[in-house]
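Protein chains in written order, with this note's numbering: chain H, 14 to 190; chain D, 280 to 800.
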């Protein structure tokens, strides 16, 4: 295009919003977590191994639905808990350490290396009736939070939505201005 | 440039501010409305998003709203920012102050429950001797309820209950499911009344679409968003409010606006904070005192309907919702508490995973088995207005615009605790009588404030020595100052307060218009 012709076209574009809008193609995009794997950085390696094992026990893969590991729930929780207020971070770190310490004391190995029967022994607080009053035992409190968080992180994942053929849509309020 | 002049300056655009503008502009009165929040384009400021595309998978940004349990990642941008708008309390007595700063206020997100109060609340002292009566009775407010219900398209069913007056409803003729019928029958056997929910209907039931557009259409309303009011200014010569100082939310530039009459409808505690920061309207010394709300026991009972397990429930077994109005201390007296509580109940949901002491495959199977089998009930109880429950200015803390923050001091007492226990036991009994299996029952209240039904602190009364406002929501001290929101309540009930706030604002505005026409304002 010659320069004069280009300059002449500018008023036309601005004078015709419809034409201007048609000239710009909509660029489809995806979220950051759609193309890469989350890189854990908050929990230690042993804590992360325990969280992965715990997550797989809490929400295993079924014939119809992905499990917590398929949904990347442990890695997401590493990110989420790492950003959370100090009491939540302490609850999780202490809870995961307690899982490993309990496994070492009872079976001489890390929680991640326990079989299902052995792991179940350590998760007995989750088999007690739920009440509105939170447990005073920090380990029981950790397990209560972990059960809810792993389940939500899994069912709110794109993997779960795809398997369940659900859109996962909600009405999102944009930030003001 | 000369500033335009207005008849009435209204602070706040929610239920009370919106109703004031709606009423006054229809009578040809020029109104200026200042709101601290931004405008909203309801169709364009809300978009469809997938939960997994949100940065925090629906959990929301950790720590952003420590006191707003209603906040999730979808609606997070509705709520007032807690860092920009701080407040304080004694850590031993936490208070959850939930705010919305946008045009339309909390009516953008309210639960729409629309109940009338009765003389069991307006004249509560006559029934049990506690506290004070309102300076008005139900008959004073009834004509305004009659006008508010059609405006908000309230649906419901008439029952003829003295403690829950009927109104001008869109008649709810829906048939109750079998599970609800069993529960309602169990209640009836014990003399406990029930009714259908009474709710504002429509895609949106807000000041934003039901009040402000009509007011704008008159040509008599000017709305100014992003105007954070700092203080009201009194003219020392006349003793009247001369105008208000406000600051632009973005630029922080300071302004002053004037009007003949000032109406404060900034929401209960924001209105009182504004008066306290202005150092006005408090010759009685009770401004800030008598804070109360309604206590909530969320999920007082979570039960299941056994026959609905594994999808085996017959058609019509599950679904629907209802309401138990206050029934204690109406025809008889309870020995453990005065006044009473109400209950919202519903059938057909799936109990949350937390109720099952299971995990893994066993939990998955339990959730599938119990899909749609749930019955749950939430208690909403009357909180007594007490002098010692109060708000004051914490001058050591300021908001993002340098305005001193509130310190909130509130705690529940045995009257509320005993009421909650009674509700738990009663609902447990009703569920068992209906043949439900109760998974969990409890009487643990949410912290004061969380119900978002904060009331009082700028109460009305006939005696200027014991109240801030007269029976027309007009300051005893400053006759061109009106406070029209929930802060004016003397006592509350178990009914959600918004419909009463709307009716009070309409009534005060009618009076205001008449006084202005007569030249008395």
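Cβ coordinates follow ideal geometry from the N, Cα and C atoms, glycine included.
So which residues on chain D does residue 70 of chain H lean against when the C-beta distance must stay under 8 angstroms? 638, 639
So if DSSP puts residue 310 of chain D in a beta bridge, which residue, or which two residues, is it bridged to? D:287, D:500
For residue 89 of chain H, go through chain D and note every residue whose CB falls closer than 7 angstroms to its CB, in chain order. 336
CB contact check: residue 329 of chain D to chain H, cutoff 7 angstroms: yes
Keeping to the same chain, check which residues put their C-beta closer than 6 angstroms to that of residue 444 of chain D; ignore five residues upstream and five downstream. 395, 397
Cβ of residue 643 of chain D within 7 angstroms of any chain H Cβ: Cβ-Cβ to chain H under 7 angstroms: yes for residue 643 of chain D.
How many whole angstroms separate the CB atoms of residue 411 of chain D and residue 651 of chain D, which I take to be in contact at a CB cut-off of 8 angstroms? Contact doesn't hold; Cβ gap of about 47 angstroms is too wide.
Where residue 595 of chain D and residue 117 of chain H are concerned, what is the direct C-alpha to C-alpha distance, given to the nearest angstrom? Their backbone Cα atoms lie some 54 angstroms apart in a straight line.
Can you tell me the Cα-Cα spacing of residue 20 of chain H and residue 37 of chain H, whole angstroms? Residue placement at residue 20 of chain H is poorly supported in this model, since its pLDDT is 39, which falls under 50; the coordinates still yield a value, given next. Taking the straight line from one Cα to the other gives about 19 angstroms.
Buried or exposed (CB count within 10 angstroms, at least 16 for buried), residue 53 of chain H: buried
Other residues of its chain near residue 794 of chain D: CB distance less than 6 angstroms, five sequence neighbours each side excluded: Here the set comprises 800.
Going by DSSP, which residues form a beta bridge with residue 329 of chain D? Answer by DSSP bridge pairing, in chain order: H:182.
With 16 as the cutoff for other CB atoms within 10 Å, does residue 612 of chain D come out buried or exposed? exposed
With DSSP as the reference, label residue 683 of chain D as helix, strand or coil. strand
So is residue 301 of chain D buried or exposed if we call it buried at 16+ other beta carbons inside 10 Å? buried
If distances are taken between C-alpha atoms only, which option among H:57, H:49, H:69 comes closest to residue 129 of chain H? H:69
Work out the CA separation of residue 730 of chain D and residue 597 of chain D for me, nearest whole Å. 27 angstroms
Cα-Cα separation between residue 55 of chain H and residue 680 of chain D, rounded to whole angstroms: 36 angstroms
Are the stretch 707-715 of chain D and the stretch 524-539 of chain D touching by the rule of at least three beta carbon pairs closer than 8 angstroms? no
Can you find a CB in chain D that lies within less than 7 angstroms of the CB of residue 131 of chain H? no
Using 7 angstroms as the threshold, is the C-beta distance between residue 821 of chain D and residue 366 of chain D below it? Residue 821 of chain D falls outside the range modelled here, since chain D spans only 280 to 800, and no answer is possible.
Reduced DSSP category for residue 793 of chain D - H, G, I as helix; E, B as strand; rest coil: helix
Quick one, are the C-beta atoms of residue 79 of chain H and residue 173 of chain H less than 7 angstroms apart? yes
I want to see whether chain D comes within less than 7 angstroms of residue 120 of chain H, judged by CB atoms only; does it? no
So who's on the other strand from residue 346 of chain D, going by DSSP bridges? Per DSSP, none; premise fails for residue 346 of chain D.
Less than 6 angstroms between C-beta atoms, sequence neighbours within five positions excluded: which residues of the same chain meet that for residue 290 of chain D? 313, 508, 543, 545
Taking C-beta to C-beta, are residue 602 of chain D and residue 572 of chain D nearer than 7 angstroms? no
When you compare each of D:736, D:329, D:700 to residue 184 of chain H by their alpha carbons, which one comes out closest? Nearest in C-alpha terms to residue 184 of chain H, of all of D:736, D:329, D:700, is D:329.
Buried/exposed call for residue 688 of chain D, threshold 16 Cβ in 10 Å: Residue 688 of chain D should be labelled buried.
If I'm right that residue 787 of chain D touches residue 752 of chain D with Cβ under 8 angstroms, what's the distance once you round it to whole angstroms? The Cβ separation is near 4 angstroms, so the contact holds.
When we look at the beta-carbon of residue 297 of chain D and count the other beta-carbons within 10 Å, is it buried (16 or more) or exposed? buried
Is there at least one non-hydrogen atom of the ligand ADP closer than 6 angstroms to the beta-carbon of residue 764 of chain D? Ligands in the displayed structure: none, and consequently the ligand ADP is not present.
Would you say residue 147 of chain H lies against chain D (beta-carbon separation less than 7 angstroms)? no
Can you tell me where the beta strand (DSSP E) with residue 656 of chain D in it begins and where it stops? 653-661
Please state the DSSP three-state secondary structure of residue 739 of chain D. strand
Helix or strand or just coil, what does DSSP make of residue 381 of chain D? Collapsing the DSSP output to three states places residue 381 of chain D in coil.
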